[in-house]
Amino acid sequence: MRPIDSSELDELIQRKPILMLDLDRLTINFIDNIVRQSPGHITTKQGNKRLPLEIWLEILEWAKLWYRHALMQPQGLDDGSTNTLICFEIPEWEACGQLEDDSAVRNYQYYLDRPGDGPDDDRPFLLPQTLDNILTYKVPITALNKDDRMLYGDLTVPDVIAWAEDGECGLCGQGRYICAGCGGGRQITENFFFDWASGDCSYRLLCPLCIGLKNARKGLWQEEARHEGKEGYFTDEEYDAWVQGLFQELGY
């Protein structure tokens with residue numbers, strides 16, 4: 001996934017893909033704007049006590065260590081005193097971490113990008129417009145141009161598992177790796193078209209569900225012949241760094 005920029009809002013409102021909003025960052029942005037105008041805007045009920053701006057900024061920096069993500073669908077722009085993007089929360093969805101094969105992942109991926117297409121019965125989540133009670137969030141457009149991004153698009157199934165489902169993966173049990181020969185590894189490799197590795201315990205692949213099919217393929221290709229200095233292959237250190245980079249991107 002990648003941060004949303006304000007320059008692409010018109011296209012997003014028209015297409016209405018599924019986005020991911022960091023609810024904690026949205027709250028932090030709201031408080032940050034208030035205290036920067038004047039720390040006196042927030043006081044205690046008794047004694048009218050207030051914190052200096054420096055303390056508030058330190059508190060908000062600590063708060064950024066936590067996150068809480070929710071799936072959203074953009075609806076339109078609200079031209080009020082502060083221009084905002086109106087988003088409706090996706091209330092329910094079939095857990096990405098319970099998908100079992102390549103076809104299911106690709107189908108889910110399609111609906112993340114274009115949720116309005118196709119029959120309703122095939123859509124793996126409820127669109128908020130079909131409900132009576134809709135949770136609405138207003139995202140300041142100015143916040144989309146800052147370093148501390150809070151709204152993300154181009155979601156993948158691994159992104160949803162990592163950030164909206166607490167990393168829970170029914171395929172690898174949060175181990176992030178799968179042995180091609182042990183346990184259910186044989187069936188998993190066949191379900192994701194790694195038939196040539198099926199049943200062979202010498203192959204230990206990155207989970208194609210929570211780490212991604214593309215990364216699982218690349219990892220297997222690298223592990224087939226990781227020879228120092230051979231063109232096109234990582235060294236052991238480069239391979240380990242690449243894997244750690246993938247885990248870091250997904251918050252593992």
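The numbering used here numbers the first residue of the sequence shown as 1 and each following residue consecutively. Built from N, CA and C at the ideal position, the CB exists for glycine as well.
Candidates the options: which alpha carbon is nearest residue i's?
i	options	result
Pro128	Gln98, Phe88, Asp166 and Gly97	Phe88
Lys138	Lys45, Thr84, Arg15 and Glu237	Thr84
Arg68	Gln222, Asp166 and Trp242	Asp166
Asp78	Pro124, Asp117, Ala70 and Thr136	Thr136
Leu126	Leu155, Phe192 and Trp93	Trp93
Val35	Arg50, Asp22, Leu21 and Leu23	Arg50
Leu112	Arg15, Leu57 and Phe193	Arg15
Cys210	Gly181, Arg25 and Glu168	Glu168
Leu246	Glu223, Thr235, Lys218 and Tyr233	Lys218
Glu11	Asn191, Glu58, Gln75 and Gln46	Gln75
Ala216	Arg176, Tyr252, Gly251 and Phe234	Arg176
Ala180	Gly170, Asn145 and Asp195	Asp195
Ile4	Met72, Lys64, Asn48 and Leu213	Met72
Pro115	Ile13, Gln222, Trp242 and Leu213	Ile13
With DSSP as the reference, please indicate the residues paired to residue i in a beta bridge.
i	result
Asp159	Asp159 is not bridged to any residue.
Leu151	Leu21
Thr136	Phe88
Pro3	Tyr152
Arg204	Cys179
Quick one: what does DSSP say residue i is sitting in, helix, strand or coil?
i	result
Thr189	helix
Pro128	helix
Gly76	strand
Ile178	strand
Leu71	strand
Asn83	strand
Trp93	strand
Ser103	helix
Taking its Cβ as the centre, do 16 or more other Cβ atoms sit within 10 Å of residue i, making it buried, or is it exposed?
i	result
Cys201	exposed
Tyr203	buried
Trp163	buried
Gly40	exposed
Cys182	exposed
Arg106	exposed
Asn133	exposed
Decide yes or no for the touch test of the stretch 182 to 197 against the stretch 24 to 31: beta carbon pairs closer than 8 Å, at least 3 of them. no
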